[in-house]
Amino acid sequence: MRLILIIAVLSFVAQLLLPWWSMALVAAGCCYWQGKHAWQSFGQAFAGAALVWAAYALLIHVQTGGIMTNRMSQLIIKSTSPAGMLLLTPLVAGLVAGLAGLAGYYIRQAMAPSQQIVGKRA
142 MRLILIIAVL SFVAQLLLPW WSMALVAAGC CYWQGKHAWQ SFGQAFAGAA LVWAAYALLI
202 HVQTGGIMTN RMSQLIIKST SPAGMLLLTP LVAGLVAGLA GLAGYYIRQA MAPSQQIVGK
262 RA
């Protein structure tokens with residue numbers, strides 16, 4: 142839970158100053174630093190980024206009275222329902238950050254010193 146909040150806050154701050162894909166760098170760095178397992182790293186990075194983008198998409202939807210969300214929905218998914226865009230937006234962000242978090246975890250695993258296997262000789 143702590144890693145989800147760290148990723149969410151750092152992604153929010155990074156995206157204020159940097160491009161949208163900076164959330165991937167944040168997720169990779171956080172999961173490199175704190176990731177315990179592969180699926181846990183993916184899930185926490187997914188949840189952190191999806192949380193930020195879902196909140197931001199909902200904020201834009203409310204601020205524009207649904208006009209922006211409706212138009213983007215018509216353009217991208219060929220539907221007049223803005224609910225599709227409100228679901229698609231955090232899904233895309235979550236997948237990008239989740240895969241980046243998984244990459245960060247695996248980079249740490251690859252850089253860790255290999256442990257010698259002690260056992261019977263053949």
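Heads up, the sequence shown is in our numbering, so the first residue is 142 and it goes up one at a time.
The beta carbon of each residue, even a glycine, is placed where N, CA and C say it ideally should be.
- Annotation: the continuous alpha helix (DSSP H) that includes L158 extends over 143-158.
- The DSSP-derived three-state label of P231 is helix.
- For the 8 Å CB-CB criterion, G235 and C172 do not form a contact.
- With contacts defined as CB atoms closer than 8 Å, I148 and A186 qualify as a contacting pair.
- Around I217, the same chain offers M226, L229 as residues with beta carbons nearer than 8 Å, after the five sequence neighbours per side are excluded.
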